[in-house]
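Here the structure is laid out as C-alpha coordinates; the discussion comes afterwards.
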Amino acid sequence: MTRTLALEIAVQDPAGMRIAREVGAARVELAQALALGGLTPSPATLELTLEAAGPDGPEVHVLIRPRAGGFHYDADELAIAERDVRWAVGAGASGVVIGALDAAGRLDIDAMTRLRDAAGGASVTLHRAIDVTADPLATLVAARELGLRRVLTSGGASAAIDGIDTLRALVAEASGQIEIMAGSGVDAATAPVLAAIGVDALHFSAKRAVVETGGVRMGSASDGVGGYEVTDRDTAFAVLTALTR
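Numbering (my numbering), first residue to last: 6 to 250.
Right, dumping it as C-alpha coordinates:
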(Lines of atoms letter the chains of each structure in order from A; the text may use other names.)
(Lines give C-alpha, C1' and ligand atoms only; values in the text may rest on other atoms or scores of the structure.)
Protein backbone atom coordinates (compact mmCIF):
# COMPACT_ATOMS: atom_id res chain seq x y z
CA MET A 6 0.00 0.00 0.00
CA THR A 7 1.31 3.45 -0.86
CA ARG A 8 -0.84 5.27 1.72
CA THR A 9 -2.75 4.65 4.87
CA LEU A 10 -5.84 2.55 4.16
CA ALA A 11 -8.08 1.36 6.97
CA LEU A 12 -9.45 -2.16 6.91
CA GLU A 13 -12.81 -3.01 8.46
CA ILE A 14 -14.01 -6.59 8.74
CA ALA A 15 -17.66 -7.49 9.21
CA VAL A 16 -17.78 -10.11 11.97
CA GLN A 17 -20.47 -11.87 13.95
CA ASP A 18 -18.66 -13.09 17.05
CA PRO A 19 -15.50 -12.98 19.18
CA ALA A 20 -13.80 -15.48 16.86
CA GLY A 21 -14.17 -13.01 14.01
CA MET A 22 -12.66 -10.30 16.19
CA ARG A 23 -9.64 -12.44 16.94
CA ILE A 24 -9.03 -12.86 13.20
CA ALA A 25 -9.46 -9.10 12.68
CA ARG A 26 -6.80 -8.53 15.34
CA GLU A 27 -4.39 -10.87 13.55
CA VAL A 28 -4.96 -9.10 10.24
CA GLY A 29 -4.41 -5.70 11.83
CA ALA A 30 -7.84 -4.32 10.96
CA ALA A 31 -8.66 -0.85 12.26
CA ARG A 32 -12.27 -1.75 12.97
CA VAL A 33 -14.85 -4.46 12.95
CA GLU A 34 -18.47 -4.00 12.14
CA LEU A 35 -20.24 -6.30 14.57
CA ALA A 36 -23.54 -7.77 13.44
CA GLN A 37 -25.49 -10.98 13.47
CA ALA A 38 -27.20 -12.71 10.54
CA LEU A 39 -24.83 -11.49 7.83
CA ALA A 40 -26.68 -13.83 5.48
CA LEU A 41 -29.64 -11.44 5.85
CA GLY A 42 -27.47 -8.38 5.30
CA GLY A 43 -26.75 -8.06 9.00
CA LEU A 44 -28.88 -7.32 12.06
CA THR A 45 -28.20 -5.80 15.48
CA PRO A 46 -26.12 -8.24 17.56
CA SER A 47 -27.00 -9.40 21.06
CA PRO A 48 -25.65 -7.76 24.22
CA ALA A 49 -23.56 -10.83 25.07
CA THR A 50 -22.08 -10.87 21.57
CA LEU A 51 -20.95 -7.27 21.95
CA GLU A 52 -19.60 -7.86 25.44
CA LEU A 53 -17.52 -10.88 24.44
CA THR A 54 -16.32 -9.24 21.22
CA LEU A 55 -15.10 -6.22 23.18
CA GLU A 56 -13.27 -8.60 25.52
CA ALA A 57 -11.66 -10.31 22.52
CA ALA A 58 -10.58 -6.93 21.14
CA GLY A 59 -8.80 -5.98 24.33
CA PRO A 60 -7.47 -2.48 24.98
CA ASP A 61 -5.32 -2.31 21.84
CA GLY A 62 -7.42 -4.26 19.33
CA PRO A 63 -9.67 -3.07 16.50
CA GLU A 64 -12.49 -0.68 17.31
CA VAL A 65 -15.93 -2.25 17.55
CA HIS A 66 -18.65 -0.54 15.53
CA VAL A 67 -22.09 -2.04 15.99
CA LEU A 68 -24.58 -2.44 13.17
CA ILE A 69 -27.96 -1.10 14.26
CA ARG A 70 -30.61 -2.72 12.08
CA PRO A 71 -33.83 -3.89 13.74
CA ARG A 72 -34.98 -6.16 10.92
CA ALA A 73 -34.11 -7.51 7.50
CA GLY A 74 -35.56 -6.00 4.35
CA GLY A 75 -35.51 -2.34 3.45
CA PHE A 76 -34.51 0.69 5.49
CA HIS A 77 -37.83 2.55 5.87
CA TYR A 78 -38.73 2.08 9.52
CA ASP A 79 -41.99 2.61 11.39
CA ALA A 80 -42.19 4.31 14.78
CA ASP A 81 -41.63 1.11 16.78
CA GLU A 82 -38.63 0.03 14.68
CA LEU A 83 -37.05 3.46 14.96
CA ALA A 84 -37.56 3.47 18.73
CA ILE A 85 -35.85 0.07 18.91
CA ALA A 86 -32.95 1.35 16.80
CA GLU A 87 -32.55 4.45 18.96
CA ARG A 88 -32.38 2.40 22.15
CA ASP A 89 -29.97 -0.03 20.53
CA VAL A 90 -27.68 2.87 19.59
CA ARG A 91 -27.65 4.09 23.19
CA TRP A 92 -27.09 0.55 24.45
CA ALA A 93 -24.18 -0.15 22.07
CA VAL A 94 -22.34 3.07 22.88
CA GLY A 95 -23.03 2.68 26.59
CA ALA A 96 -21.65 -0.86 26.51
CA GLY A 97 -18.35 0.33 25.08
CA ALA A 98 -18.68 0.32 21.28
CA SER A 99 -16.57 2.95 19.54
CA GLY A 100 -19.28 3.63 17.00
CA VAL A 101 -22.50 2.59 15.35
CA VAL A 102 -23.48 1.84 11.78
CA ILE A 103 -26.93 3.12 10.84
CA GLY A 104 -29.19 3.92 7.89
CA ALA A 105 -32.81 5.00 7.53
CA LEU A 106 -34.72 6.03 4.41
CA ASP A 107 -38.03 7.80 4.01
CA ALA A 108 -41.03 6.48 2.07
CA ALA A 109 -39.64 7.97 -1.15
CA GLY A 110 -36.32 6.16 -0.75
CA ARG A 111 -34.33 9.24 0.27
CA LEU A 112 -32.21 9.52 3.38
CA ASP A 113 -34.59 10.10 6.29
CA ILE A 114 -33.01 13.18 7.82
CA ASP A 115 -35.24 13.23 10.90
CA ALA A 116 -34.59 9.55 11.69
CA MET A 117 -30.87 9.87 11.00
CA THR A 118 -30.64 12.94 13.23
CA ARG A 119 -32.38 11.06 16.01
CA LEU A 120 -30.03 8.09 15.74
CA ARG A 121 -26.95 10.31 15.40
CA ASP A 122 -27.91 12.21 18.53
CA ALA A 123 -28.46 8.95 20.41
CA ALA A 124 -24.84 8.02 19.66
CA GLY A 125 -23.56 11.06 21.53
CA GLY A 126 -19.95 11.61 20.57
CA ALA A 127 -19.39 8.12 19.16
CA SER A 128 -18.46 7.61 15.52
CA VAL A 129 -21.43 7.18 13.18
CA THR A 130 -21.28 5.42 9.81
CA LEU A 131 -24.02 5.48 7.18
CA HIS A 132 -24.29 1.95 5.85
CA ARG A 133 -25.26 0.69 2.41
CA ALA A 134 -28.71 2.21 2.60
CA ILE A 135 -26.97 4.83 0.45
CA ASP A 136 -26.72 2.27 -2.34
CA VAL A 137 -30.49 1.95 -2.74
CA THR A 138 -31.09 5.69 -2.94
CA ALA A 139 -31.68 7.25 -6.35
CA ASP A 140 -28.78 9.71 -6.03
CA PRO A 141 -25.84 8.44 -3.95
CA LEU A 142 -23.96 11.71 -4.39
CA ALA A 143 -26.86 13.70 -2.93
CA THR A 144 -27.11 11.17 -0.10
CA LEU A 145 -23.41 11.59 0.61
CA VAL A 146 -23.86 15.36 0.83
CA ALA A 147 -26.72 14.87 3.29
CA ALA A 148 -24.61 12.50 5.39
CA ARG A 149 -21.77 15.00 5.44
CA GLU A 150 -24.13 17.77 6.52
CA LEU A 151 -25.36 15.53 9.34
CA GLY A 152 -21.79 15.30 10.57
CA LEU A 153 -21.46 11.56 10.05
CA ARG A 154 -17.95 10.14 10.12
CA ARG A 155 -18.08 7.86 7.10
CA VAL A 156 -20.21 6.16 4.47
CA LEU A 157 -20.06 2.45 3.61
CA THR A 158 -20.94 2.05 -0.04
CA SER A 159 -20.60 -0.20 -3.07
CA GLY A 160 -21.21 2.72 -5.42
CA GLY A 161 -24.78 1.58 -5.90
CA ALA A 162 -23.82 -1.79 -7.40
CA SER A 163 -24.15 -5.30 -6.02
CA ALA A 164 -20.37 -5.47 -5.76
CA ALA A 165 -18.08 -2.51 -5.12
CA ILE A 166 -15.88 -3.29 -8.10
CA ASP A 167 -18.90 -2.84 -10.38
CA GLY A 168 -19.68 0.52 -8.80
CA ILE A 169 -16.14 1.82 -9.11
CA ASP A 170 -17.04 4.84 -11.27
CA THR A 171 -19.60 6.02 -8.72
CA LEU A 172 -17.10 5.34 -5.93
CA ARG A 173 -14.61 7.62 -7.68
CA ALA A 174 -17.26 10.34 -7.85
CA LEU A 175 -18.06 9.86 -4.16
CA VAL A 176 -14.38 10.16 -3.22
CA ALA A 177 -14.16 13.42 -5.17
CA GLU A 178 -17.35 14.80 -3.58
CA ALA A 179 -16.24 13.82 -0.08
CA SER A 180 -13.21 16.11 -0.39
CA GLY A 181 -11.72 14.55 2.72
CA GLN A 182 -14.60 15.88 4.86
CA ILE A 183 -16.28 12.49 5.25
CA GLU A 184 -14.69 9.08 4.79
CA ILE A 185 -15.60 6.80 1.90
CA MET A 186 -15.41 3.09 2.75
CA ALA A 187 -15.89 0.69 -0.15
CA GLY A 188 -17.64 -2.56 0.65
CA SER A 189 -19.53 -5.51 -0.86
CA GLY A 190 -17.77 -8.36 -2.58
CA VAL A 191 -14.32 -7.04 -1.68
CA ASP A 192 -11.74 -9.82 -2.00
CA ALA A 193 -8.07 -10.31 -2.78
CA ALA A 194 -8.64 -9.67 -6.49
CA THR A 195 -10.61 -6.44 -6.16
CA ALA A 196 -9.14 -4.88 -3.02
CA PRO A 197 -6.04 -3.36 -4.69
CA VAL A 198 -8.14 -1.93 -7.53
CA LEU A 199 -10.53 -0.29 -5.11
CA ALA A 200 -7.71 0.99 -2.91
CA ALA A 201 -6.15 2.69 -5.92
CA ILE A 202 -9.11 5.04 -6.47
CA GLY A 203 -8.53 6.78 -3.17
CA VAL A 204 -11.13 5.35 -0.81
CA ASP A 205 -10.35 5.80 2.87
CA ALA A 206 -11.17 2.25 3.89
CA LEU A 207 -12.15 -1.18 2.63
CA HIS A 208 -14.90 -3.24 4.26
CA PHE A 209 -15.12 -7.00 3.76
CA SER A 210 -16.49 -10.02 5.56
CA ALA A 211 -13.96 -12.71 4.58
CA LYS A 212 -16.68 -15.22 5.30
CA ARG A 213 -17.12 -18.85 4.40
CA ALA A 214 -20.13 -21.10 4.73
CA VAL A 215 -20.28 -23.96 7.20
CA VAL A 216 -22.82 -26.63 6.36
CA GLU A 217 -24.05 -28.98 9.05
CA THR A 218 -24.90 -32.42 7.72
CA GLY A 219 -25.75 -34.24 10.94
CA GLY A 220 -29.25 -35.30 11.95
CA VAL A 221 -31.88 -37.30 10.17
CA ARG A 222 -32.39 -34.89 7.29
CA MET A 223 -30.91 -31.80 5.69
CA GLY A 224 -32.47 -28.53 6.82
CA SER A 225 -32.77 -25.03 5.48
CA ALA A 226 -32.56 -21.57 6.98
CA SER A 227 -36.34 -21.43 7.12
CA ASP A 228 -36.30 -24.54 9.34
CA GLY A 229 -33.84 -22.90 11.69
CA VAL A 230 -31.16 -25.44 10.75
CA GLY A 231 -28.67 -25.86 7.95
CA GLY A 232 -25.60 -23.80 7.11
CA TYR A 233 -24.15 -20.66 8.64
CA GLU A 234 -21.27 -18.28 7.95
CA VAL A 235 -18.04 -17.66 9.84
CA THR A 236 -15.04 -15.37 9.38
CA ASP A 237 -12.31 -17.21 7.50
CA ARG A 238 -8.72 -16.46 8.52
CA ASP A 239 -7.16 -17.45 5.20
CA THR A 240 -9.57 -15.27 3.21
CA ALA A 241 -8.90 -12.30 5.47
CA PHE A 242 -5.13 -12.68 5.15
CA ALA A 243 -5.42 -13.06 1.37
CA VAL A 244 -6.93 -9.55 1.20
CA LEU A 245 -4.15 -8.17 3.38
CA THR A 246 -1.48 -9.85 1.27
CA ALA A 247 -2.97 -8.48 -1.93
CA LEU A 248 -2.83 -4.95 -0.53
CA THR A 249 0.75 -5.18 0.70
CA ARG A 250 2.43 -6.62 -2.36
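Just so you know, even glycine gets a beta-carbon here, dropped at the ideal spot from N, CA and C.
Handout entry: Distance CB(R32)-CB(H66) smaller than 7 Å
Key = Counting from 1 along the sequence shown, the entry for residue 32 is found at position 27. Counting from 1 along the sequence shown, the entry for residue 66 is found at position 61. In this structure, R32 sits near H66, with a CB-CB distance shorter than 7 Å.
Practice task
Give the range of the beta strand (DSSP E) segment to which F76 is assigned.
Solution key: Looking up residue 76 in the sequence shown gives position 71. Note, F76: premise wrong, no beta strand (DSSP E); not H, not E.
Practice task
Round the Cβ separation of T130 and L157 to the nearest angstrom and send it over; I've been treating them as touching at under 8 Å.
Solution key: As a first step, residue 130 must be located in the sequence shown, where it is residue number 125. As a first step, residue 157 must be located in the sequence shown, where it is residue number 152. Right, the Cβ-Cβ distance comes to about 6 Å (below 8 Å), so this counts as a contact.
Problem - Continuous beta strand (DSSP E) stretch holding L10: start and end - result: Within the sequence shown, numbered from 1, the residue matching residue 10 stands at position 5. Unbroken run through L10: none, as it is neither H nor E.
Problem - Beta-carbon contacts of S258 that lie in its chain and below 7 Å, excluding the five residues immediately before and after - result: Because the chain spans 6 through 250 in this model, residue 258 falls outside it and cannot be assessed.
Problem - Reduced DSSP category for E217 - H, G, I as helix; E, B as strand; rest coil - result: For the purposes of this step, residue 217 is taken as the residue at position 212 of the sequence shown. Note: E217 maps to coil in three-state DSSP.
Handout entry: the ligand NAD heavy atom lying under 6 Å from the CB of A20
Key = Of ligands this structure carries none, so the ligand NAD is not represented either.
Practice task
Return the CA-CA distance between E116 and L83, expressed in angstroms with no decimal places.
Solution key: The sequence position of residue 116 within the sequence shown is 111, counting from 1. The sequence position of residue 83 within the sequence shown is 78, counting from 1. Reading off the sequence, residue 116 comes out as Ala, not Glu. When only Cα atoms are considered, A116 and L83 end up about 7 Å apart.
Handout entry: Option nearest D61 by Cα separation, candidates V90, A40 and A25
Key = Here residue 61 refers to the residue found at position 56 when the sequence shown is read from its first residue. Measuring from the Cα of D61, the nearest candidate turns out to be A25.
Exercise for the section: State the CB to CB distance for the pair H208 and E27, rounded to an integer number of angstroms; the pair is presumed to be in contact (CB under 8 Å). Expected result: Here residue 208 is taken as the residue at index 203 of the sequence shown, counted from 1. Here residue 27 is taken as the residue at index 22 of the sequence shown, counted from 1. In this structure, H208 and E27 do not form a Cβ contact; the two beta carbons are roughly 18 Å apart against a cut-off of 8 Å.
Problem - Secondary structure of T138, DSSP reduced to three states - result: As a position in the sequence shown, residue 138 is number 133, starting the count at 1. Residue state, collapsed to three classes: coil.
Handout entry: N-terminal and C-terminal residue of the beta strand (DSSP E) that V198 is part of
Key = As a first step, residue 198 is located in the sequence shown; it is residue number 193 there, counting from the start. Counting along the chain, V198 falls outside any beta strand (DSSP E), though it belongs to the alpha helix (DSSP H) covering A196 to A200.
Practice task
Mind reading off the beta-carbon distance from L10 to A200? Whole number of angstroms is fine, and I expect it under 8 Å.
Solution key: Within the sequence shown, the letter at position 5 stands for residue 10. Within the sequence shown, the letter at position 195 stands for residue 200. Between A200 and L10 the Cβ distance is about 5 Å, and since that is below 8 Å, they are a contact.
Exercise for the section: Report the residue from T240, G74 and A148 whose alpha carbon sits nearest the alpha carbon of S210. Expected result: Along the sequence shown, read from residue 1 onward, the residue named residue 210 stands at position 205. Of the listed residues, the one whose Cα sits closest to S210 is T240.
Handout entry: Which of helix, strand or coil DSSP assigns to T130
Key = Counted from its first residue, the sequence shown places residue 130 at position 125. It is a strand residue.
Handout entry: Sequence-distant residues of its chain with Cβ nearer than 6 Å to A193 (five each side left out)
Key = The sequence position of residue 193 within the sequence shown is 188, counting from 1. Excluding residues within five positions, the ones whose Cβ falls inside 6 Å are A243, V244 and A247.
Problem - Element boundaries [beta strand (DSSP E), containing V67] - result: Here residue 67 refers to the residue found at position 62 when the sequence shown is read from its first residue. Its beta strand (DSSP E) spans residues E64 to L68.
Practice task
Specify, as a first and last residue, the run of the alpha helix (DSSP H) that M21 falls within.
Solution key: In the sequence shown, counting from the first residue as 1, residue 21 sits at position 16. Before going on, a small fix: residue 21 reads as Gly here, not Met. Note, G21: alpha helix (DSSP H), P19 to V28.
Exercise for the section: Look at H77 and L106 and say whether their C-beta atoms are less than 7 Å apart. Expected result: Translated into the one-based positions of the sequence shown, residue 77 becomes position 72. Translated into the one-based positions of the sequence shown, residue 106 becomes position 101. Yes, the Cβ-Cβ distance between H77 and L106 is below 7 Å.
Exercise for the section: Quick one: residues in its chain with C-beta nearer than 6 Å to the C-beta of S189, no 5 flanking neighbours on either side, listed in chain order? Expected result: Residue 189 sits at position 184 when you count from the first residue of the sequence shown. So the qualifying residues of the chain are S159, A164 and A165.
Exercise for the section: Can you say whether E217 is buried or exposed, counting buried as having 16 or more other CB atoms within 10 angstroms of its CB? Expected result: Reading the sequence shown from its first residue, position 212 is the one you call residue 217. So E217 ends up on the exposed side.
Practice task
Using beta-carbon positions only, say whether V94 and G125 come within less than 7 Å of one another.
Solution key: Against the sequence shown, residue 94 aligns to sequence position 89. Against the sequence shown, residue 125 aligns to sequence position 120. It is a contact, given that the beta carbons lie within the stated cut-off.
Handout entry: Residue range of the beta strand (DSSP E) that includes T158
Key = Numbered from its first residue, the sequence shown carries residue 158 at position 153. Run containing T158: R155 to T158, per the beta strand (DSSP E) assignment.
Exercise for the section: Look at the alpha carbon of A40 and the alpha carbon of Y233, and state the distance between them as a whole number of angstroms. Expected result: For the purposes of this step, residue 40 is identified with residue 35 of the sequence shown, where counting begins at 1. For the purposes of this step, residue 233 is identified with residue 228 of the sequence shown, where counting begins at 1. Looking at the two C-alpha atoms, the distance is approximately 8 Å.
Problem - A86 versus L120: straight-line alpha-carbon distance, rounded - result: Residue mapping note: residue 86 aligns to position 81 of the sequence shown, counting from 1. Residue mapping note: residue 120 aligns to position 115 of the sequence shown, counting from 1. When rounded, the distance between both Cα atoms is 7 Å.
Handout entry: Proximity test, Cβ basis, 7 Å: A179 and chain B
Key = Going by chain labels, chain B is absent from the structure shown, which holds only one protein chain.
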